[in-house]
Amino acid sequence: MEFIPFNRNHLEQVLRIADKTLGINYLTVAYLNQYLNSNTFLAFVVTENSAVVGFTALIIISPAQLKEQVLKDKDWFYQLSKKYSNIGFRKQTFVHPKFINKGYGSLLVKRSSEFIETFCDFQLSTVWIKQSNSAMGNLLLKNGFERSKTISNYWQQDSLVNKYSCTECGAPPCTCSTEVYIKKKCISVN
Ligand SMILES: CC(C)(COP(=O)(O)OP(=O)(O)OC[C@H]1O[C@@H](n2cnc3c(N)ncnc32)[C@H](O)[C@@H]1OP(=O)(O)O)[C@@H](O)C(=O)NCCC(=O)NCCS
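Structure, rendered in structure tokens:
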């Protein structure tokens, strides 16, 4: 098992796994291209025998940029984050369905969170709430995150505009909720 930065050779495999786990067309080539050779769009994969089995993506942004990125309750997100300068906003995390529950998700979250903590004072994740799998929230709790707020119909408008199908609710609109998880960096004073 290897945890490595995402690169161009992983792109097709990541898209195929995303279609299966997040829904058809949720991720696109244009979206993933942003994560190639960037200091602010950071993505990692876990591989087995050079084949991608899992992916996670994060962006480093300011409170004002966070407000633009989130899909609902924009002012609430801004108020939550405004005293921090560098926010690590976790975007997608997924593991190939054949490989779930074997520790790959834990590795992706732990290693990427440790990495991003070296230059971000606040981390945030909008977790997709679904009946079939509550692993992501548990993973974040184990990595020092706390649950902050639930937002209903988080992807509703976005799914209509961008025409993606959700694996939980099918053709748009998506009616899934999100739970916001946050982690503040502890600064030791001595
Ligand atoms: C969420 C996801 C990335 C977790 O990856 P994973 O490789 O299965 O995670 P792990 O094997 O490291 O398991 C993490 C923990 O969750 C638990 N877990 C695994 N599957 C679970 C499930 N269906 N429901 C609840 N807990 C579960 C594991 O037991 C493990 O707990 P432990 O460390 O106490 O043993 C993966 O399930 C996935 O890709 N889901 C589909 C996409 C998705 O929902 N992504 C998150 C969007 S916010």
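Just so you know, we're using the numbering used here here: the sequence shown kicks off at 72 and counts up by one.
We put the CB at the ideal spot given by N, CA and C, even for glycine.
Taking the CA atoms as reference points, C247 sits about 12 Å from D229. Residue range 122–132 is occupied by the beta strand (DSSP E) that includes V124. K234 is classed as exposed because its beta carbon has fewer than 16 other beta carbons within 10 Å across all chains shown. Separation of the CB atoms of I158 and L211 is rounded to 15 Å, and the pair is thereby denied contact status at 8 Å. Measuring C-alpha to C-alpha distances from F216 to each of N224, C240, E188 identifies E188 as the nearest. Taking every protein chain shown into account, the CB of K153 has fewer than 16 other CB atoms within 10 angstroms, so this residue is exposed. By the CB criterion at 8 Å, A89 and F165 fall inside the cutoff. In this structure, the straight-line span from the alpha carbon of Y225 to that of K145 is close to 11 Å. A straight-line Cα-Cα distance of about 32 Å links S177 and V232. Counting every other CB atom within 10 Å of its CB across the protein chains shown gives M207 a total of 16 or more, marking it as buried.
Ranked by Cα distance from A135, the first of I171, L151, Q163, Q84 is L151. A114 sits buried, since 16 or more C-beta atoms from the chains shown fall within 10 Å of its C-beta. In the three-state DSSP reduction, S184 falls in the helix class (H, G or I).
In the DSSP assignment, G208 falls within the alpha helix (DSSP H) that extends over 206–213.
Straight-line spacing of the CA atoms in F193 and Y155 works out to 6 Å. Within the DSSP bridge table, the entry for C237 names G241 as partners.
In the three-state reduction of the DSSP assignment, W147 falls in the helix class, which pools H, G and I.
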